[in-house]
Amino acid sequence: MKLLFISDLHLDPQRPDIQHCFDNFVSSCLQNNSDIKALYILGDLFEVWLGDDASLSSYSSTIEQLKQLNQKGIQVFVMHGNRDFLLGPAFAEAARCQLIPDPYPLRIETQKGIETILLSHGDILCTDDIGYMSFRKMVHNPDWQKDFLSKTIDQRIAIASSIRQQSKKRGQQKQAEIMDVNQQTVELLMSEYNTSTLIHGHTHRPDTHRFTLNIQPVQRIVLPNWSPDAKAYPLTIGSD
Ligand code: LP5
Ligand code: MN
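Given below as structure tokens:
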């Protein structure tokens, strides 16, 4: 049995090429469904999510695909990313998926006993990006979200696009390392959850980083953003 991990698809009605890659991925999952127990989507499934009331209709085909995966026996778990942190209960119900918090300790049974694989979108690890961390704090405040969701859809589109512009502009001014994870933050989080494997996305720097933590070998797996040759990260569980 396999668990699959993907992130940062950034599905966008204006990018049919990316949607096409996702269509192929879903088809291949449906064909191999007896082997796949669950799919974990670690954030930024959507380029932007302006609230369930505003965005469900823009992504109806994707939601239908997630529902099909569930109907074929593949459980789908979705984590918020920094673009779709407003995914809410109406989305989860429509897509028959489960929203999971960030970070999320996934317990799996191995030959050595129960192990924890720690899952995250990855933006919480980028603590050197002070501007982003304070922006994140603001938009994760429940009062701020309530206020944003009470605005008309046109007002929300205007605010989101102004923030996108500012984010792009500031991104060009930031040093690349600032937008990567902070190693100390990674180590603190992995120690807190007593895990030897962390899987995350967000940075679009796919890699496997192996290092030693508390005298143990550990790894940080960074998922790729979606592209025609991007593959889900597989984890085999159980005896086969
Ligand atoms: O995703 P990416 O790689 O482009 O950039 C992220 C960080 N930027 C963001 C912002 C998103 O790009 C845009 C979010 C739009 C969707 C929101 C939907 C709901 C609407 C909510 C609107 C608030 O996440 C970027 C990081 C980068 O990752 C790498 O980690 O650097 O962070 C920033 O650029 C943040 C800036 O440093 C500060 C942002 C300034 C915005 C100020 C807004 C003030 C409020 C205005 C309200 C009208
Ligand atoms: Mn992201």
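Per my numbering, residue 11 is the first one in the sequence shown, and the count goes up by one each step. Even for Gly, the Cβ is constructed at its ideal location relative to N, Cα and C.
For residue 196, the first and last residue of its enclosing alpha helix (DSSP H) = 193 to 202
request  = Just tell me which of 194, 170 and 79 has its CA closest to the CA of residue 96.
outcome  = 170
request  = Quick one: residues with CB closer than 5 Å to any heavy atom of the ligand MN, in chain order, please.
outcome  = Having a Cβ closer than 5 Å to some heavy atom of the ligand MN are 54, 91, 92 and 212.
message = Out of 46, 40, 15 and 58, which one is the CA nearest neighbour of residue 22?
response = Nearest C-alpha to residue 22: 58.
ask   = Just curious, the beta strand (DSSP E) that residue 48 is in, first and last residue?
value = 46 to 52
query = Using the C-alpha atoms, what's the distance from residue 237 back to residue 251?
reply = This structure leaves residue 251 out entirely; the chain is present only between 11 and 250.
message = Please list the terminal residues of the continuous alpha helix (DSSP H) segment that includes residue 179.
response = Segment 163 to 183, the alpha helix (DSSP H) holding residue 179.
ask   = Three or more C-beta pairs closer than 8 Å, one from the segment 193 to 203 and one from the segment 215 to 234: is that the case here?
value = yes
task = Return no unless some Cβ of chain D is closer than 8 Å to the Cβ of residue 110.
result = The question asks about chain D, but that chain is absent: this structure has only one protein chain.
The beta strand (DSSP E) enclosing residue 12, as first and last residue numbers = 12 to 16
query = Is the beta carbon of residue 68 within less than 7 Å of some heavy atom of the ligand LP5?
reply = no
message = My output table needs one value for residue 146: the three-state DSSP class, helix, strand or coil.
response = helix
ask   = Start and end of the alpha helix (DSSP H) containing residue 121?
value = Careful: residue 121 lies outside any alpha helix (DSSP H) and carries neither H nor E.
ask   = Tell me the DSSP bridge mates of residue 205?
value = When beta bridges are read from the DSSP output, residue 205 appears opposite no residue.
task = Compute the distance between the beta-carbons of residue 12 and residue 33, then report whether it is under 8 Å.
result = no
ask   = Considering only residues of the same chain and omitting the five flanking positions on each side of residue 130, which have a CB-CB separation below 6 Å?
value = 112, 113 and 210
task = Put residue 130 into one of helix, strand or coil per three-state DSSP.
result = strand
message = Is residue 180 a contact residue of the ligand LP5, with contact defined as CB to any heavy atom under 7 Å?
response = yes
query = Is residue 141 near the ligand SAM, in the sense that its beta carbon is under 7 Å from a heavy atom of that ligand?
reply = This structure simply doesn't include the ligand SAM; it includes the ligand LP5 and the ligand MN instead.
message = With the cut-off set at 8 Å, would you say residue 86 and residue 110 are in Cβ contact?
response = no
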